[in-house]
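Down below is the structure, laid out as structure tokens.
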Amino acid sequence: ITFKDQTDGCDEPNYLHHNDIIDEGDFFEIMPTYAKNIIIGLARLGGRTIGIVANQPKVSAGCLDINASVKVDVPGFLPGINQEYGGIIRHGAKLIFAYAEATVPKLTIITRKSYGGAYCVMSSKHLRGDINYAWPTAEVAVMGAKGAVQIIFRGKDNQSQAEEEYIKAFANPFPAVSRGYIDDIIDPHLTRLVYVMIWNY
Numbered sequence: 001i002t003f004k005d006q007t008d009g010c011d012e013p014n015y016l017h018h019n020d021i022i023d024e025g026d027f028f029e030i031m032p033t034y035a036k037n038i039i040i041g042l043a044r045l046g047g048r049t050i051g052i053v054a055n056q057p058k059v060s061a062g063c064l065d066i067n068a069s070v071k072v073d074v075p076g077f078l079p080g081i082n083q084e085y086g087g088i089i090r091h092g093a094k095l096i097f098a099y100a101e102a103t104v105p106k107l108t109i110i111t112r113k114s115y116g117g118a119y120c121v122m123s124s125k126h127l128r129g130d131i132n133y134a135w136p137t138a139e140v141a142v143m144g145a146k147g148a149v150q151i152i153f154r155g156k157d158n159q160s161q162a163e164e165e166y167i168k169a170f171a172n173p174f175p176a177v178s179r180g181y182i183d184d185i186i187d188p189h190l191t192r193l194v195y196v197m198i199w200n201y
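The sequence shown: position 159 = 159 (my numbering), numbered continuously.
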């Protein structure tokens, strides 16, 4: 499983169905028409019923907004004055509380973008995530390379070179693994096997 371009969106429900991660590709989505940038639902993994929370990159780049925070690949919280006035901090805090206080096992797989505060919110180790894995395609960073370089190297000529250096240094899962934020990097094709083994342990 590879992504030609990290800026492309993938259709998360189809992704679950077609990559044999869940039993028989059978996913029951809850509230599919509300806050479409976040997907929640039920499936079976190794015969056990599990809940799935995933960002939907095809809608608002999968960013968390007020509705998604209430409902719940996260690239971050949707910025903007409308979100701030609407109470994104309050609603985001509810989501953080829900993850932190959940008593069920929380297994996380980061497949692509996981930036900033939204990384922390989506069941990270910082919120008592039990097992956190990443694919080699994962990007765990404060923000995406382009945005970071525009802030750090504002007004300088070598932005394309700086962007490449940022990608090599941060836009991958290795720094997060070295800091203990991710337990391991796993082959995408082994995702189902690894998670079934964890559930049966």
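In this text, a Cβ means the ideal position worked out from N, Cα and C, and glycines have one as well.
For residue i, name the three-state secondary structure that DSSP assigns.
i: Y133; result: strand
i: Y115; result: strand
i: P32; result: coil
i: F174; result: helix
i: A138; result: coil
i: F97; result: helix
i: D20; result: coil
i: V74; result: Residue placement at V74 cannot be trusted, given a pLDDT of 42 that sits under 50; the coordinates are not used to answer.
i: R179; result: coil
i: A43; result: strand
i: R48; result: strand
Please determine, among the options, the residue with the shortest C-alpha to C-alpha distance to residue i.
i: K113; options: A138, W199, V104 and Y133; result: A138
i: P204; options: V59, A169, R48 and E24; result: Residue 204 is absent from the model: the chain starts at 1 and stops at 201.
i: S118; options: I152, D20 and A54; result: Going by the sequence as given, residue 118 is Ala instead of Ser. Among I152, D20 and A54, the Cα nearest to that of A118 is on A54.
i: I109; options: G86, K125 and G41; result: K125
i: L95; options: Y201, C120 and A176; result: C120
i: A102; options: A171, N158, G129 and I81; result: G129
i: Y166; options: S178, R179 and V142; result: V142
i: T191; options: G62, N132 and Y115; result: N132
i: P136; options: V177, R90, F153 and I22; result: V177
i: G62; options: M122, A98 and I81; result: M122
Looking only at its own chain, which residues have a Cβ that is under 7 Å from the Cβ of residue i, when we skip the five neighbours before and after it?
i: K168; result: none
i: Y195; result: L45 and L107
i: W199; result: L45, G46 and R48
For residue i, which residues of its own chain have a beta-carbon under 6 Å away from its beta-carbon, when the five flanking residues on both sides are left out?
i: D187; result: none
i: A134; result: I110, P173, I182 and I185
Which same chain residues, not among the five before or five after residue i, have their C-beta less than 8 Å away from its C-beta?
i: L202; result: Residue 202 lies beyond the range of the chain shown here (1 to 201); nothing can be said about it.
i: K71; result: Because K71 carries a pLDDT of 46, less than 50, the predicted location of this residue cannot be relied on, and the following value inherits that uncertainty. If we look at K71 and ignore the five residues flanking it on each side, its Cβ neighbours are M31, Y34, A35, I38 and I40.
Determine which residues share a DSSP beta bridge with residue i and list them.
i: V121; result: The partner list for V121 (beta bridge, DSSP) is empty, contrary to what the question assumes.
i: N55; result: I38
i: L107; result: I131
i: I185; result: A134
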